[in-house]
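Have a look at the structure below, then the notes.
Residue numbers (full-length UniProt numbering): 1 to 227.
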């Protein structure tokens with residue numbers, strides 16, 4: 001079953017909605033739910049509009065599944081035993097429902113602007129009610145409705161990429177490191193450029209300074225004799 005669901009803006013990973021299963025359990029097969037929540041948020045930070053549109057990311061006994069559509073990331077966590085195909089059907093219904101609610105609230109022409117200008121986390125948290133409803137529908141993979149959905153789904157689930165959480169998060173850290181190095185190189189190049197200008201000016205002074213000084217002295221002598 002979907003254990004948590006995040007909806008985030010793809011451009012900067014701003015969380016628009018966060019939804020969790022209402023349960024007293026704090027662990028999944030011995031692993032902390034808080035750990036998975038933290039991993040999910042870190043995973044969002046590695047994603048953007050250029051990322052693979054659909055992907056499964058394994059983490060211990062669980063698996064994250066995400067879908068990127070219309071500049072929005074939909075991320076869920078389920079146990080590894082939960083059918084991958086059903087997890088993506090769940091995400092698609094969450095995506096469809098979110099866009100429908102935004103369209104009803106702001107209109108077909110303005111909902112994208114509302115997403116782009118959202119300034120605070122969880123700005124669309126009221127959508128959690130819809131997510132909770134969908135979670136209940138997708139709890140049991142063997143239910144008649146879910147079996148029907150699986151039978152009717154024609155998506156090629158085998159083509160969806162599968163990764164490991166540490167591989168993804170480590171890659172994100174490396175990209176951040178590369179970005180920082182790039183910024184530092186830009187700053188260093190500016191300093192080098194300024195230093196090069198100073199050295200060039202100093203070289204000109206050394207080369208032409210004495211000649212200029214003699215010229216000034218001769219002009220001074222001429223001026224003193226004439227006037």
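All residues carry an ideal CB built from backbone N, CA and C; glycine is no exception.
Nearest-angstrom Cα distance between residue i and residue j?
i, j, result
"residue 24", "residue 33", "A caution first: residue 24 carries a pLDDT of 48, below 50, which makes its placement in the model unreliable, though a value can still be read off. Whole-angstrom Cα-Cα distance: 11 Å."
"residue 37", "residue 75", "11 Å"
"residue 14", "residue 41", "10 Å"
"residue 48", "residue 111", "19 Å"
"residue 72", "residue 144", "30 Å"
"residue 63", "residue 17", "20 Å"
"residue 125", "residue 168", "27 Å"
"residue 175", "residue 79", "Any reading at residue 175 must be qualified, since the residue scores a pLDDT of 42, below 50, and its modelled position is unreliable; no value is offered."
"residue 129", "residue 85", "23 Å"
"residue 166", "residue 45", "14 Å"
"residue 136", "residue 120", "28 Å"
"residue 123", "residue 161", "31 Å"
"residue 146", "residue 66", "19 Å"
"residue 107", "residue 94", "19 Å"
"residue 31", "residue 2", "16 Å"
"residue 43", "residue 207", "59 Å"
"residue 150", "residue 96", "18 Å"
"residue 133", "residue 12", "28 Å"
"residue 77", "residue 164", "13 Å"
"residue 113", "residue 92", "22 Å"
"residue 90", "residue 99", "14 Å"
Terminal residues of the continuous beta strand (DSSP E) containing residue i?
i, result
"residue 7", "4 to 9"
"residue 15", "15 to 20"
"residue 69", "62 to 69"
Could you tell me the boundaries of the alpha helix (DSSP H) in which residue i lies?
i, result
"residue 87", "84 to 106"
"residue 231", "Residue numbering for the chain in the displayed model covers 1 to 227; residue 231 lies beyond these limits and cannot be assessed."
"residue 50", "Residue 50 -> no alpha helix (DSSP H), and no H or E assigned at all."
"residue 112", "111 to 117"
In this structure, how does DSSP classify residue i when only helix, strand and coil are distinguished?
i, result
"residue 130", "helix"
"residue 35", "helix"
"residue 214", "helix"
"residue 76", "strand"
"residue 164", "strand"
"residue 124", "coil"
"residue 135", "helix"
"residue 180", "With a pLDDT of only 47 at residue 180, under the threshold of 50, the placement of this residue in the model should not be trusted; the figure read from the coordinates follows. In this structure, residue 180 counts as helix in the three-state DSSP scheme."
"residue 207", "helix"
Would you call residue i buried or exposed, if buried means 16 or more other Cβ atoms sit within 10 Å of its Cβ?
i, result
"residue 148", "exposed"
"residue 5", "buried"
"residue 81", "exposed"
"residue 52", "exposed"
"residue 238", "The structure shown does not extend to residue 238, since the chain spans only 1 to 227, so no value can be given for it."
"residue 19", "buried"
"residue 39", "buried"
"residue 10", "buried"
"residue 59", "buried"
"residue 115", "buried"
"residue 139", "exposed"
"residue 68", "buried"
"residue 8", "buried"
"residue 214", "exposed"
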